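Novice: Just so you know, the sequences run in chain order H and U. Each step along the first sequence adds one to the number in our numbering, with nothing skipped, and position 171 is 171. Each step along the second sequence adds one to the number in our numbering, with nothing skipped, and position 104 is 104. We treat Cβ as the ideally placed atom computed from N, Cα and C, and that holds for glycine. Since this is a predicted model, take the numbers as computed values, not measurements.
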Amino acid sequence: MSAADREVILEANDLTREFDGVTVLDRFNFKLHKGEVLGLLGANGAGKTTAMNMLLGLTTPTSGAIRAFGMDFVKHRLEVLKRANFSSAYTSLPSNLLVWQNLTVFAKIYGVPNVKQKITELLELFEIADLRKRVTGQLSAGESTRLNLCKALLNDPELLLLDEPTASLDPDIADKVRKTIRKVQKERGISILYTSHLMKDIEEVCDRVIFLHKGKIVAEGTPEEIVKKSDAASLEEVFIKIARSGEVEAAPASN
Amino acid sequence: MNPRIVSALVLRYLYLYGRTPMRLVELIFWPIVELLIWGYLGMYLQEHAGSKVPTIVGHLLGGIILWDVIFRAQQGVAISFLEDVWTRNLLNVFVAPVRNMEYLTATFIIGFFRILVTVTMLSVISFSSFQFNVFEMNWAIVPFFGNLLVTGWALGMISTALILRWGQAAESLAWAVPFFIQPFTAVVYPVKQITPVWVQWLSLALPSTHVFEGMREVLSEHTFNWSHFYWACGLNVVFLGVAGWIFSSTLNATRKRGLLTKFATQ
């Protein structure tokens, strides 16, 4: 079954957001299918964080609609959030609590059965079981990122929104995190919307990507398709090209 | 409202207080300092004024202890919210399936716990140092306590809304807001002392004023003024409703303006 035939888990229809008369996201449309990992790419200010925030219900769209699991997101926000989760490099769990305390609180919020067992499973999955009794604020960036991902997987989400999950990680930990995300995603059929500035992340984790530039979609497809279409050597080159010119197509050769 | 979610949020604050007992110091230190100052002042005045002001110590200490009910309830809401801001945890809570009412209820409960700690401590010290027994108010302490708790919650919601509106730069409002009403709510002096006279009407529009007036009647005349009680309850219903509306509409406006994420990650 092709991706397009699979159930649509999350979709945005003409999602638009203006701030003080400036359009930062302009009629954004996309569909995230079941079991698919969709990368949202773009330079700073391209509109991906705004899109992510609207998809999480943190920012109200100026116009347009979001549907998740076939439901209108605004009307069924809580039902959607029960089946989804989120992790960002820019948020953290309360620094003064122990690792197990933080996970216990969120496990209870999400109504996770067998809390202790679930926490142990997740900490082992991300290879941080030895940190269970550590104070969260004393964790390294890599440990903290993995703890955030443990939180994000507590409720066995069907939909996961990951905002730069490997930002500020060293290559070794970033590689481990990417592989673990991909492994869990495949095993559980999770649909993931993924933002990152690291093209290695995108190539390794994402099935499909959307490039945003000044709030508009400028390219969409698999990483390979986009590289081929733009006549570039790598996705990173495409990124730079789009960030500088807003164009993805290869420029015609000049004499 | 889901009790499981409320209890999970309460658990988060209990873990926090368990992990950082220094936070309990602020629940005890400043209230005791205040109680001692007013207690000694009351004793001094009573000694020099003799039988003219036989209940002054009781009025001052009763006022101070009951004022702390408002202040701690308000702090329970506002500081609990700020804890989530300070630890950059706010987004995790807002993207979890948590209703605004569940979040607020958890902070109300934390406010209640904070009051129990402070009021118990103050009651013990006021009895042992100044022979003032807060239970001289008998059963009247229950409606007094209940009404002030609700007033504190309402002020907590307003403080939180102001912080949401103005950002972390305005976080000192978490401590300041109750003191906007303190001079006018007749904590340690009767409403008739407040001048100019038209301000007395403003004072009587505050639910807490009726509690403090009622407290003085109980301590001086041993009578419970039902009129004050009804006024306090009615005004509290209005206060709580208005504060809830201010909080919800500010939160919605913050979402509409796209400031919630910036605010929660700054």
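DSSP state of H/Glu-11, grouped into three classes?
Specialist: Indexing the first sequence from 1 puts residue 11 of chain H at position 11. Of the three classes helix, strand and coil, the one that applies to H/Glu-11 here is strand, per DSSP.
Novice: Just checking: is the beta-carbon of H/Thr-166 within a distance shorter than 8 Å of some beta-carbon in chain U?
Specialist: As a working mapping, residue 166 of chain H is identified with position 166 in the first sequence. No, because no Cβ of chain U sits closer than 8 Å to the Cβ of H/Thr-166.
Novice: May I have the straight-line CA-CA distance separating H/Leu-32 from H/Asp-207, to the nearest angstrom?
Specialist: What you label residue 32 of chain H is simply residue 32 of the first sequence in a count that begins at 1. What you label residue 207 of chain H is simply residue 207 of the first sequence in a count that begins at 1. So the alpha carbons of these two residues sit roughly 11 Å apart.
Novice: Does the beta carbon of U/Arg-114 come closer than 8 Å to any beta carbon on chain H?
Specialist: Within the second sequence, numbered from 1, the residue matching residue 114 of chain U stands at position 114. It does not; no Cβ of chain H falls within 8 Å.
Novice: Kindly indicate which three-state DSSP category H/Glu-220 falls into: helix, strand or coil?
Specialist: By 1-based counting over the first sequence, the position of residue 220 of chain H is 220. Strand.
Novice: Report yes or no: is there a C-beta of chain U within less than 8 Å of the C-beta of H/Lys-82?
Specialist: For the purposes of this step, residue 82 of chain H is identified with residue 82 of the first sequence, where counting begins at 1. Taking Cβ atoms only, chain U reaches closer than 8 Å to H/Lys-82, which makes this a yes.
Novice: Got a sec, what are the start and stop residues for the beta strand (DSSP E) H/Asn-53 sits in?
Specialist: What you label residue 53 of chain H is simply residue 53 of the first sequence in a count that begins at 1. Unbroken run through H/Asn-53 is the alpha helix (DSSP H), 48 to 55; no beta strand (DSSP E).
Novice: In whole angstroms, what separates the C-alpha of U/Pro-183 from that of U/Ser-128?
Specialist: Position 183 of the second sequence, counted from the first residue, corresponds to residue 183 of chain U. Position 128 of the second sequence, counted from the first residue, corresponds to residue 128 of chain U. If I take the Cα positions, the gap works out to 28 Å.
Novice: Using the Cβ count rule (16 or more neighbours within 10 Å means buried), how would you classify U/Val-25?
Specialist: Taking the second sequence and counting its residues from 1, one reaches residue 25 of chain U at position 25. By the 10 Å Cβ count, U/Val-25 comes out exposed.
Novice: Relative to the C-alpha of U/Met-215, which residue among U/Met-121, U/Glu-136 and U/Phe-179 is closest?
Specialist: Translated into positions along the second sequence, residue 215 of chain U becomes position 215. Ranking U/Met-121, U/Glu-136 and U/Phe-179 by Cα distance to U/Met-215 puts U/Glu-136 first.
Novice: Using a C-beta to C-beta distance shorter than 7 Å, which residues of chain U count as neighbours of H/Pro-157?
Specialist: Against the first sequence, residue 157 of chain H aligns to sequence position 157. Those do not exist, as H/Pro-157 stays about 11 Å from chain U at its closest Cβ, beyond 7 Å.
Novice: So, with DSSP's three-state summary, where would you put H/Glu-115?
Specialist: To locate residue 115 of chain H, count along the first sequence from 1; it is residue 115. At residue 115 of chain H the sequence reads Val, which differs from the Glu that was named. Correct three-state label for H/Val-115: helix.
Novice: Just to confirm before moving on: does the CB-CB distance between U/Asn-89 and H/Ser-92 stay below 8 Å?
Specialist: For this step, residue 89 of chain U is matched to residue 89 along the second sequence. For this step, residue 92 of chain H is matched to residue 92 along the first sequence. A contact, by the Cβ cut-off of 8 Å.
Novice: In angstroms with no decimal places, state the Cα-to-Cα distance between H/Thr-222 and U/Thr-105.
Specialist: In the first sequence, residue 222 of chain H corresponds to position 222, counting from 1. In the second sequence, residue 105 of chain U corresponds to position 105, counting from 1. Between H/Thr-222 and U/Thr-105, the C-alpha separation is close to 46 Å.
Novice: Within this structure, are the beta carbons of H/Leu-40 and H/Ala-51 separated by less than 8 Å?
Specialist: Here residue 40 of chain H refers to the residue found at position 40 of the first sequence. Here residue 51 of chain H refers to the residue found at position 51 of the first sequence. Yes; because the gap between Cβ atoms is below 8 Å, this pair is in contact.
Novice: Excluding sequence positions up to five away, which residues of its chain have a Cβ less than 7 Å from the Cβ of H/Pro-252?
Specialist: As a first step, residue 252 of chain H must be located in the first sequence, where it is residue number 252. In this prediction, H/Pro-252 scores a pLDDT of 48, lower than 50, which makes its location untrustworthy; the coordinate-derived value is nonetheless stated afterwards. The beta carbon of H/Pro-252 sits closer than 7 Å to no other beta carbon from its chain once the five residues preceding and following it are set aside.
Novice: Enumerate in chain order the residues of its own chain whose CB-to-CB distance from H/Ser-254 is below 7 Å, with the five nearest sequence positions on each side excluded.
Specialist: Working through the first sequence from its first residue, we reach residue 254 of chain H at position 254. Confidence is the limiting factor: at H/Ser-254 the pLDDT is only 44, short of 50, which leaves the residue's position unreliable and the question unanswerable from this model.
Novice: Is it buried or exposed, U/Val-6, if we count other Cβ atoms within 10 angstroms and call 16 or more buried?
Specialist: On the second sequence, position 6 is the one that residue 6 of chain U refers to. Label assigned to U/Val-6: buried.
Novice: Distance, Cα to Cα, U/Thr-250 vs U/Gly-244?
Specialist: The sequence position of residue 250 of chain U within the second sequence is 250, counting from 1. The sequence position of residue 244 of chain U within the second sequence is 244, counting from 1. The straight-line gap from Cα to Cα measures roughly 10 Å.
Novice: Determine the direct distance from the alpha carbon of U/Tyr-13 to that of H/Asn-102, and round the result to whole angstroms.
Specialist: Position 102 of the first sequence, counted from the start, is the residue given in the question as residue 102 of chain H. Position 13 of the second sequence, counted from the start, is the residue given in the question as residue 13 of chain U. Rounded to the nearest whole angstrom, the C-alpha separation of H/Asn-102 and U/Tyr-13 is 11 Å.
Novice: Note down the Cα distance separating U/Trp-153 from H/Lys-75, rounded to an integer number of angstroms.
Specialist: As a first step, residue 153 of chain U is located in the second sequence; it is residue number 153 there, counting from the start. As a first step, residue 75 of chain H is located in the first sequence; it is residue number 75 there, counting from the start. Straight-line measurement puts the Cα of H/Lys-75 at about 28 Å from the Cα of U/Trp-153.
Novice: Between the alpha carbons of U/Phe-179 and U/Val-98, how many angstroms are there, rounded?
Specialist: For the purposes of this step, residue 179 of chain U is taken as residue 179 along the second sequence, with counting starting at 1. For the purposes of this step, residue 98 of chain U is taken as residue 98 along the second sequence, with counting starting at 1. Between U/Phe-179 and U/Val-98, the C-alpha separation is close to 31 Å.
Novice: For a cutoff of 8 Å on Cβ pairs, would you count H/Phe-73 as touching chain A?
Specialist: Although the question refers to chain A, the structure presented lacks it and instead comprises the protein chains H and U.
Novice: Whose Cβ in chain U lies nearer than 7 Å to the Cβ of H/Thr-195?
Specialist: As a first step, residue 195 of chain H must be located in the first sequence, where it is residue number 195. Residues of chain U passing the Cβ test: none, with the nearest at roughly 13 Å.
Novice: Who are the Cβ neighbours of H/Ile-63 in its own chain at under 6 Å, not counting the five residues just before and after it?
Specialist: Indexing the first sequence from 1 puts residue 63 of chain H at position 63. Note that residue 63 of chain H corresponds to Ser in the displayed sequence, not to Ile. These residues qualify, in order along the chain: Thr-16.
Novice: Does the beta carbon of H/Asn-53 come closer than 8 Å to any beta carbon on chain U?
Specialist: As a working mapping, residue 53 of chain H is identified with position 53 in the first sequence. Chain U contact via Cβ: present.
Novice: Taking 8 Å as the limit between beta carbons, can you name the residues of its chain near U/Asn-2, skipping five residues before and five after?
Specialist: Stepping through the second sequence from its first residue, residue 2 of chain U is reached at position 2. Contacts found: Arg-99 and Glu-102.
Novice: Does U/Asn-92 come within less than 8 Å of chain H when only Cβ atoms are used?
Specialist: Position 92 of the second sequence holds residue 92 of chain U. Yes, U/Asn-92 counts as interfacial toward chain H.
Novice: Quick one: list the residues of chain U neighbouring H/Asn-96, beta-carbon separation under 8 Å, in chain order.
Specialist: For this step, residue 96 of chain H is matched to residue 96 along the first sequence. Those within 8 Å of H/Asn-96 in chain U are Leu-16, Arg-19, Thr-20 and Thr-87.
Novice: Can you have a look at U/Thr-254 and say buried or exposed, based on whether 16 or more other CB atoms are within 10 angstroms of its CB?
Specialist: For the purposes of this step, residue 254 of chain U is taken as the residue at position 254 of the second sequence. Result: buried.
Novice: My understanding is that U/Ser-208 touches U/Thr-185, with C-beta atoms under 8 Å, so please give their C-beta distance in whole angstroms.
Specialist: One-based indexing of the second sequence puts residue 208 of chain U at position 208. One-based indexing of the second sequence puts residue 185 of chain U at position 185. With a Cβ gap of about 5 Å, U/Ser-208 and U/Thr-185 count as contacting.
Novice: Sorted by chain position, which residues of the same chain lie with C-beta nearer than 7 Å to H/Ser-95's C-beta, five sequence neighbours on each side aside?
Specialist: Taking the first sequence and counting its residues from 1, one reaches residue 95 of chain H at position 95. Sequence-distant Cβ neighbours of H/Ser-95 in its own chain, meaning closer than 7 Å and more than five residues away, are Thr-136 and Gly-137.
Novice: Is the Cβ of U/Lys-192 closer than 8 Å to any Cβ of chain H?
Specialist: Residue 192 of chain U sits at position 192 when you count from the first residue of the second sequence. For U/Lys-192, the answer is no, since every Cβ of chain H falls outside 8 Å of its Cβ.
Novice: Chain U beta carbons: is any one of them nearer than 8 Å to that of H/Thr-16?
Specialist: Taking the first residue of the first sequence as position 1, residue 16 of chain H is located at position 16. Cβ-Cβ to chain U under 8 Å: no for H/Thr-16.
Novice: Could you name each continuous alpha helix (DSSP H) segment of 4 residues or more that falls completely within the region 139 to 207 of chain H, going from the start of the chain to the end?
Specialist: 141 to 153, 171 to 188 and 199 to 205
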